[in-house]
Each structure stands twice: as C-alpha cells, then as structure tokens.
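A.B. asks:
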C-alpha cells in the first residue's frame, strides 16, 4: 500500500483526537452505515474512457463476446475489472 502524506487539516484532526477533543457521536452504527454508503456510491461510479485498439484485437474481443452472448463493451469492462483486482481469467 502506498503511504499518503496528510494535509494540514488531517493533521489537525489527529492532534485533536490525541488531545481528547474529538467526541464520538451517539448513533455510531447509523453514521458508520451512512458514510459507508457515501463511499460505496463514490467508488461505484463509472467513467467513459476512449482507447485505441488494433482492428484485429477488437475483432477478437467482439468474437469472444459473441460466444459468451454479451456486448463486447461489457466483456472489456469485465476483463479490466478482473485485471485491476489481480485476478485475470480466461474462459
């Protein structure tokens, strides 16, 4: 995991916590679920990207998608997702 440098605001939060100035909220479980939902929504967003592929690679991907019965863009997104999670598979 890459270490990230804290900004001044984050450092101030840590100092306040260490001095005991930070108080827990009364409904921690609800707040935790709420912020988890925020994080999930932010991470689940999709973005459009443009990529240049060779014609032969694109034709191969389209053929593979046709065999699986899915759109080729879905196949490409799935492959990228698997690769980014360290689990590339080839059926």
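In the numbering used here, the protein residues as written are 1 to 91. Positions of the beta carbon are idealized from the N, C-alpha and C atoms, including for glycine. From a predicted model like this one, the values you see are computed outputs, not experimental measurements.
#1: Could you pull out every residue in the same chain whose Cβ sits closer than 7 angstroms to the Cβ of residue 57, ignoring the five residues on either side in sequence?
#2: What is the DSSP secondary structure of residue 4, counted as helix, strand or coil?
#3: Classify residue 74 as helix, strand or coil using the three-state DSSP reduction.
#4: Taking the alpha-carbon positions, what's the residue 52 to residue 38 distance?
#5: Go ahead and pull the three-state DSSP assignment for residue 45.
C.D. replies: Once the coordinates are examined:
#1: The same chain holds no residue with a CB closer than 7 angstroms to that of residue 57 once the five nearest residues on each side in sequence are set aside.
#2: Three-state result, residue 4: coil.
#3: If DSSP states are grouped into helix, strand and coil, residue 74 belongs with the helices.
#4: One C-alpha to the other measures close to 33 angstroms.
#5: Coil at residue 45, not helix or strand.
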